[in-house]
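Protein chains in written order, with this note's numbering: chain A, 4 to 392; chain B, 18 to 146; chain C, 17 to 521.
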Amino acid sequence: MWQDFNSYLLEYPSLDAAIYYFINLPLVIQIACVFIVIAFLATLFAYGSILVRRFKGGRRDRRMSVIIPRIDTLLTEHIILNEGLSENIPIDQIQLPLEEFRIPLLRSRFGKQMLIDRIVSYKKSFTGSIGALLRQLYLELELDKVSFKKMKSPKWNRKVQGMIELTDMDMSISDVNILPLTNSKNRELRAEARNAYIKLSKNEPFKFFDIVTEPLLMWDQIELFKTITTTEEISIPNFARWVTYSSNKSIVSFCLKLIVHYNQQDAAPAVMRLLENKDHVLRANAINCLGKLRYEEAEDKLVSIYSNQPLNCQIEILKALGRIDTGGHVLFLRQEFLHSSDFDIRKNAAKSLIKTTGVSQDLIRELIDTGTAENKLILKHCMNPLIKF
Amino acid sequence: MRNILIIDDNDIVQLVLKKILAKEGYSVDIAINGKEGLARIGQQPYDLIITDLMMPYANGFEIISKIRQHPMGKDTPIIIISAITNEDSVLEGFKLGANDYLKKPITGRELIIRVKRLIDAQVSRAENI
Amino acid sequence: MDEPLSFWEHIRNIYESTVFIYGMTMLLCYALLAILSFIGIRRAQKRDSYSDYKKLLGSPLAPGISVIAPAFNEGVTIIQNVRSLLTLNYSRFEVIIVNDGSTDDTLEKLISEFEMVQVDFAYNEKIKSQPVRRIFKSANLAYDKLVVVDKVNGKSKADASNAGINVSSFPYFLCTDVDCIIEKDTLLKMIQPFMHEEGNRIREVGDPCPECGYIHVVEENRRVIAVGATLRMVNNCEVEEGVITRMRPPRALIPRFQEMEYIRSYVLGKLGWSMINCVPNVSGGLGLFDKEVCIKAGGYDPRSFGEDMDLVTRMCTYMRDNKQKYAVRYIPSTQCWTEGPPNLKIFSRQRTRWGRGLIQIMSIHKKIIFNPKYGRLGMVVFPYNLFFEFLAPIVEITGILYYIYIVVTGQINWHYALILLLFVYLYAVMITTFAILWDQITYRYYKTWREVIGLAMMAFLEPIIYHPLIVFFALRGYYYFITGRKHVWGNMQRQGFGRAKPQAG
């Protein structure tokens, strides 16, 4: 190989020799040479990136270790221990020492963001008058403008960040800013915009339940649930409306959970109608809801449809009977406990039997004495206060 | 001067609670986890203990249980402050011996009233013995 | 001048071309995985920048999780480990410790420390396992999340895990080893993919219903059945009562290599596969599973040498057989630290077992390979694992023999050979370095930049020292499988964490 190269060198200047030599190599070797160079450079780049990242991160940590205690001191001194708070002056009349916050340290973008993050963290732990004063500070320092600016960013995660900061600080965002985002192509942005709208809209927060066509993911449900149940000035409608008319199953099942949370007894008839639904998962959710509502009128219907139900619905029916606890179906429960071939059915029947307040101890004793070894075990399991499930 | 012990690993909660309670005239000690909390209880009597539930090394329930078994802690009022809000956890807290359960976010005024109430009740109970 | 090529030369050409195509495809796959995993990390970062997973703590809608940890003769560290599991940050969970017939004082220590009493538990054996002798719950309400199951030794972790699943009451279970250190927010983070899965559509199916006149709306859900996360070595980390206070790469050679390998395999490999829903395996060291699907798929198989991959494969085939869409996902952050084999002997046992497990899975599930009925599993996951995981050691050993042959017969073109070797070497180093970079992007693990660079430099030594060992032990595993030799499970001598003293610097 070297001899070939040398022979080229004799005839041509060195750079041309190298190029001619290279062109005459087999294709495989050419590719290998190119990739060697690429791999070498890429590896150097990777090492460089790692070092840059560590360095930048270390610098950020150092800056934070200086800024955060300073912010904490300012916040505790002027907000938490604010004189106006303890004297019960209305929040908007309290004079906040803004100059204290306008120090050079907090003027940079980094500093402002740290301040916003810290204020939001405080607000998550403390509400009431402290929370209101934090909000006032956020407004007067014009930090809301910083958050609004994020919503104008082209990157979707910045938009979401801005929205979340504003909702965490109970700022109102006008409909014209949120509504377009609720139709965004990015699913996460859509979900967050919906969440923000429900929290902040004065008019009809729940109209989304009418128009949203995509399924509500579990995480969205958790966020929405928290927003709905913790926002103070929201008027809670009767969720039966969507249980009856929505074609979006995840909305229906979400509304069932809300019905249980707000104990909307007058929604129960609508939930009863769901028992006819073809989807067995939805039916199981409806039965669960009726049980937690302790809706007595449902008991007879549940027992009557029991035999046609798949396993998961049957188990839900047994659980519901235990929760509703009228004592009217003790014999039915006893029947299922003694004669069902499925372990889980017997276990849930036993649990509901034991939970029922009207049930006599003699009945339980009789079941224990006459039962099979496995049934004895099931009963003892259900009666043991140390075992929760 | 009444002594309060705060057991919490969250720096914001530690700082703010200490300031609020100190302003009301209480002397406040901070323990950053359960182990340290139990050590402090052994060193001096406290009039009130405020604890979180989720901490490293030992969770809040275990700490409450151990406080109640400790000779110097078995009558001390305990307030739980936690982000965990489900019914089971609340019930468990009370069954283990906590006197109060505050769900985050909390309001400063409510905290002060509850603290005052529990300490005053404890003091009058001690005086009546 | 041109003579017709002899038969032997034809064979040689075919062999060389095949190996060349094989090699190039493998390198391309790695490049693809690197790109995909980068996209995955950026996406995860974007979500982390605003998402507050702690919201789950206060929500009554949070799903319950059962943490199942089999234990065999862990008396030295069991109390600390269990206490560490009990302090995970989550609102609804239980910790099930399965005492797999320990011969030391593991059970006694648990009973006395956590005030356990035997209870009459209605044990429903949904998955067959060795008999369960007793079940314990704590008399002290503070430990009511703890359940201890005492069972007859089943000679495998799979059997103990099955017993744990039978006892569990929540819809999801986290399978882990009792000596693994689990980060406190693990449950909060690993449940996220279950709740975030898209790929849902509402379709209108079929003709209008004759009864009501409307077309019945059907929702097509893709169900996440398993989630995994990155594992690392805990050797040389400073641990204080189940919490890692300082991370450090291992000092000993073999665990150090293994740390680097794990980072590459999880952060680059599995995360990349997760982006296209082709994850082959969720590690037994840490995995969050959907209990219902696991039970329906039959639970863990005690006879398998790679029971984690076997279970995931069976869960996937179950979903396909029942025409349901599924996903197996990965999160890039490190959630679990485990003790790496400290010496060559234990390491060899581990790798031989893995090799054996792989060939066993290939043979048991051979109906999946290239079977379009199994979608991605059959057309991507299994073929990839067959060619580039299973066959790789075999191809390498034949390659080396071939090289020796052409060297000995003087047919080798040294310069070309060296160029090719350098190419493959640098490529491997590049991929590993990128894996470490991706890992650092996820989170700035370790304390000093020297530690990171020191670990990255191991990539230069890997092809020379570590890789040949892996190939050798994998081949040994295949050989043992074929000859049906009995496997000695052995026991990792626990080093114990409590005695790690803080080291200077």
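For each residue, glycine too, the CB sits at the ideal point set by N, CA and C.
It should be emphasised that the depicted structure is a prediction, and the values quoted were computed from it without experimental measurement.
query, result
"Rounded Cβ spacing between alanine 56 of chain B and isoleucine 81 of chain B (contact assumed at less than 8 Å)", "The pair is not a contact, with the Cβ atoms about 16 Å apart (cut-off 8 Å)."
"Cβ separation of valine 98 of chain C and isoleucine 113 of chain C, assumed to be a contact under 8 Å, to the nearest whole Å", "6 Å"
"Enclosing alpha helix (DSSP H) for valine 163 of chain A [first to last residue]", "159-171"
"Nearest to isoleucine 34 of chain A (by Cα), restricted to the options C:Thr464, C:Met474, C:Leu437", "C:Leu437"
"Range of the contiguous alpha helix (DSSP H) that encloses tyrosine 188 of chain C", "Element bounds for tyrosine 188 of chain C: not the alpha helix (DSSP H) but the beta strand (DSSP E), 188-192."
"Residue-chain proximity (glycine 60 of chain A, chain C), Cβ-Cβ < 8 Å", "yes"
"Residues near serine 161 of chain C in its chain [Cβ-Cβ closer than 7 Å; skip 5 each side]", "Reading off the sequence, residue 161 of chain C comes out as lysine, not serine. Correct list, in chain order: Leu102, Phe109, Glu110, Val111."
"Contact list for the region 157-176 of chain C against chain B, Cβ threshold 8 Å", "Leu157, Ala158, Tyr159, Asp160"
"Whole beta strand (DSSP E) elements within the region 27-111 of chain B, 3-residue minimum", "44-48, 65-68, 95-99"
"CB contact check: serine 33 of chain C to chain B, cutoff 8 Å", "no"
"Contact residues within the region 90-105 of chain B, judged by C-beta distance below 9 Å to chain A", "Ile98, Ala100, Asp105"
"Pair within 8 Å by beta-carbon distance, tryptophan 353 of chain C and cysteine 191 of chain C", "no"
"N- and C-terminal bounds of the alpha helix (DSSP H) containing lysine 120 of chain B", "No alpha helix (DSSP H) contains lysine 120 of chain B, which is instead part of the beta strand (DSSP E) from 117-120."
"Burial state of aspartate 1 of chain A, where buried means 16 or more other Cβ atoms lie within 10 Å", "Absent from the structure is residue 1 of chain A, since the part of chain A shown begins at 4 and ends at 392."
"Within-8 Å CB hit, asparagine 76 of chain B to chain C", "yes"
"Start and end residues, beta strand (DSSP E) containing valine 259 of chain C", "259-262"
"Check: isoleucine 348 of chain A C-beta below 7 Å from any heavy atom of the ligand COA", "With respect to the ligand COA, the structure shown offers nothing to examine, as it has no ligands at all."
"Alanine 243 of chain A (DSSP reduced to helix, strand or coil)", "helix"
"C-alpha gap between tyrosine 278 of chain C and aspartate 455 of chain C, whole angstroms", "11 Å"
"Closer than 8 Å to chain C by CB, glutamate 176 of chain B", "Residue 176 of chain B lies beyond the range of chain B shown here (18 to 146); nothing can be said about it."
"Reduced DSSP category for glutamate 141 of chain C - H, G, I as helix; E, B as strand; rest coil", "coil"
"Euclidean distance between Cα positions of leucine 77 of chain A and serine 124 of chain A", "15 Å"
"Separation of isoleucine 136 of chain B from asparagine 145 of chain B, as counted between CA atoms", "14 Å"
"Interface residues of the region 32-59 of chain B facing chain A [CB-CB below 7 Å]", "Leu32, Val33, Lys36, Ile37, Lys40"
"Glutamate 86 of chain A: first and last residue of the uninterrupted alpha helix (DSSP H) it sits in", "86-89"
"Beta carbon of serine 344 of chain A nearer than 8 Å to that of leucine 321 of chain A", "no"
"Coarse secondary structure for serine 82 of chain C, derived from DSSP in three states", "strand"
"Closest by C-alpha distance to asparagine 311 of chain A, when choosing among A:Phe129, A:Asn85, A:Lys281", "A:Lys281"
"Partner residues on chain A for aspartate 136 of chain C, Cβ-Cβ distance less than 7 Å", "Leu380, Lys383, His384, Asn387"
"Below-8 Å beta-carbon distance, serine 82 of chain B vs any chain C residue", "yes"
"Spatially closest choice to isoleucine 375 of chain C from C:Gly80, C:Thr202, C:Tyr495, C:Val148, by CA coordinates", "C:Tyr495"
"Member of C:Ile197, C:Leu104, C:Trp24, C:Ile81 whose CA lies at the smallest distance from the CA of isoleucine 94 of chain C", "C:Ile197"
"Beta bridge counterpart(s) of cysteine 352 of chain C as assigned by DSSP", "C:Ile198, C:Leu247"
"Same chain, Cβ closer than 7 Å to glycine 315 of chain C, five either side skipped, listed in chain order", "Ile143, Asn178, Ile181"
"Close Cβ partners of leucine 101 of chain A (< 7 Å) along its chain, the five nearest in sequence each way excluded", "Glu143, Leu144"
"Coil, strand or helix - glutamate 256 of chain C by DSSP", "strand"
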